[in-house]
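Here's the structure, in structure tokens; my notes come after.
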Amino acid sequence: MFGEPQNEHAWLNRFIGTWDYEHECSVPDQPPEKLKGRQTFTSLGGFWILGDGTGAMPGGGEARMLLTIGFDPARGRYVGTWVGSMMPNLWVYDGTLDEAGCTLTLQADGPSFSGDGTTATYQDIVEWKNDDLYEFRSQVRQPDGAWHVFMRADYRRVK
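Just so we're aligned, residue 1132 is where the sequence shown starts under this note's numbering, counting upward by one.
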């Protein structure tokens, strides 16, 4: 049950710090919007990173988001959760890191954009460009199996 952080946990430490982001979000039947925000990551026991973010919402207002990411050694998978002040859903992540150690793909099922009560499969993808810059993309699997990117953001380290 208890243990020591593994290399996969240590990899997550690159998130620790404060980041400003600018993202472009496209929702059905509306033009894309460019929005800004800030997210601060801390470590919890060396096993988890906790991301506390705030940012502008499409159409106005501000949102708050909480993110957890860790690594489950028994499953050999990255795991985590995401919640936001704009919705009642708990997103539960299951993910992998590419062989180069640059791209973390976190997958979750959640409500579809259709609003008809169906679910869809989503991916949040973090692609590190360097130690002070990463790209974050959110995409949803379409009925034909293709992925549609609906949000893209650049995160720049502040401190």
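Ideal placement from N, C-alpha and C gives every residue a C-beta, glycine not left out. As the structure is a prediction and not an experimental result, all values here were calculated from the model.
Contact between the region 1161-1181 and the region 1214-1232 is absent, with fewer than three C-beta pairs closer than 8 Å. Residue 1220 carries a coil assignment under DSSP once its states are collapsed to helix, strand and coil. Rounded to whole angstroms, residue 1211 and residue 1136 show a C-alpha spacing of 16 Å. Listed in chain order, the non-local C-beta contacts of residue 1168 below 7 Å within the same chain comprise 1152, 1184, 1185, 1186, 1187, local neighbours out to five positions each way being set aside. Looking only at 1220, 1189, 1172, the smallest Cα-Cα distance to residue 1200 is reached by 1172. Each residue's CA atom was taken as its position, placing residue 1262 and residue 1290 some 11 Å apart. Taking 8 Å as the cut-off, the Cβ atoms of residue 1208 and residue 1227 count as close. Put simply, of 1251, 1160, 1269, 1223 the residue whose alpha carbon is nearest the alpha carbon of residue 1257 is 1269. Excluding residues up to 5 positions away in sequence, 1236, 1238, 1270 lie with their Cβ nearer than 6 Å to the Cβ of residue 1254 in the same chain. Within the same chain, 1148, 1149, 1150, 1262, 1263, 1264 come within 8 Å of residue 1288 by CB-CB distance, once the 5 residues on both sides are set aside. Burial of residue 1170 is indicated by the presence of at least 16 other C-beta atoms within 10 angstroms of its C-beta.
Taking the Cα positions, residue 1174 is about 18 Å away from residue 1224. Cβ contact annotation for residue 1284 (same chain, cutoff 6 Å, sequence separation greater than five): 1152, 1154, 1267, in chain order. Contact annotation: residue 1250 and residue 1272 have beta-carbon atoms that are not nearer than 8 Å. DSSP, reduced to helix, strand and coil, places residue 1206 outside both helices and strands of the structure shown, so it counts as coil.
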